[in-house]
Amino acid sequence: MKLTPLEKRAARKERNHSGLDMNLVALIDIFTILIFFLMSSTGVEILSTAQAIKLPQSTAEKMPREMLVVTVSATDILVDGRKVASVAEAMGGDGDLIPALKAELDLHAGRTVLRKENEAPPSQSVTIMGDKEIPYRLLRKVMFTAARANYSDVSFAVTQKAGKA
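Written as structure tokens, this is what we have:
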């Protein structure tokens with residue numbers, strides 16, 4: 003019996019078919035892990051900036067509470083890891099107000115909260131994480147700007163001393 007070209011093709015396809023199907027669940031798992039890794043690795047920039055700051059030491063034993071963090075390094079001013087101004091811009095201004103920092107603090111103060119227990123009081127809290135080598139004039143400008151943005155509860159981040167004084 004002579005086979006037509008279409009029948010030959012069907013027979014060849016049947017003979018070469020291995021019966022293995024691609025498992026899409028495993029592929030989806032791999033992509034989920036990849037996306038999670040990419041999203042979580044974006045915080046590396048924040049950590050490297052925070053590690054470059056040398057905090058002053060303290061013997062205080064009270065643990066800090068979670069609040070908005072303003073980081074002041076030797077070159078940049080960051081609010082929750084996002085650069086808002088350089089130190090040169092902040093020191094170059096005439097007055098004590100840093101406009102870019104005030105705009106960012108106002109933005110954070112204007113955010114709405116979804117849960118009632120997370121709602122902040124009218125006077126909001128901020129932690130200043132400043133390098134111990136920054137000039138006091140810069141620290142004063144940051145505190146003045148925070149006060150103008152209605153952040154009157156200011157805390158300073160320090161490292162715990164090993165021994166008690």
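To convert, take the position in the sequence shown, counting from 1, and add 2; that gives this note's numbering.
Built from N, CA and C at the ideal position, the CB exists for glycine as well.
Span of the beta strand (DSSP E), counted from its first residue to its last, around residue i
i	result
LEU107	Run containing LEU107: none in the beta strand (DSSP E); it sits in the alpha helix (DSSP H), 101-111.
Anticipated Cβ contact below 8 Å, residue i with residue j, distance rounded
i	j	result
ASP98	PHE158	The pair is not a contact, with the Cβ atoms about 18 Å apart (cut-off 8 Å).
VAL74	ILE30	About 44 Å separates the two Cβ atoms, so there is no contact after all.
GLU128	VAL156	Correcting the residue identity first, residue 128 is Val in this sequence and not Glu. The Cβ separation is near 6 Å, so the contact holds.
GLN126	ALA111	6 Å
ALA13	LEU26	29 Å between Cβ atoms; not a contact.
Given residue i as reference, the closest of the options once Cα atoms are compared
i	options	result
ALA90	ARG84, ASP78 and PRO101	ASP78
ASP180	ARG113, SER154, VAL160 and LYS143	The structure shown does not extend to residue 180, since the chain is modelled only from 3 to 167, so the question has no answer here.
ASN152	MET131, PHE38, LYS15 and GLU106	GLU106
VAL72	PRO7, HIS19 and LEU103	LEU103
MET93	GLU16, TYR138 and HIS110	TYR138
ILE100	SER88, ALA111 and LEU109	SER88
ASP108	THR6, VAL27 and LEU70	LEU70
VAL81	ARG142, MET131 and LEU8	MET131
ALA76	LEU141, LYS163, SER154 and MET3	LEU141
Enclosing alpha helix (DSSP H) for residue i [first to last residue]
i	result
SER42	26-42
ALA13	7-18
Per DSSP, cross-strand counterpart(s) of residue i
i	result
SER154	Note: SER154 sits in no beta bridge, so no partner.
ALA87	ILE79
ILE130	VAL72 and PHE158
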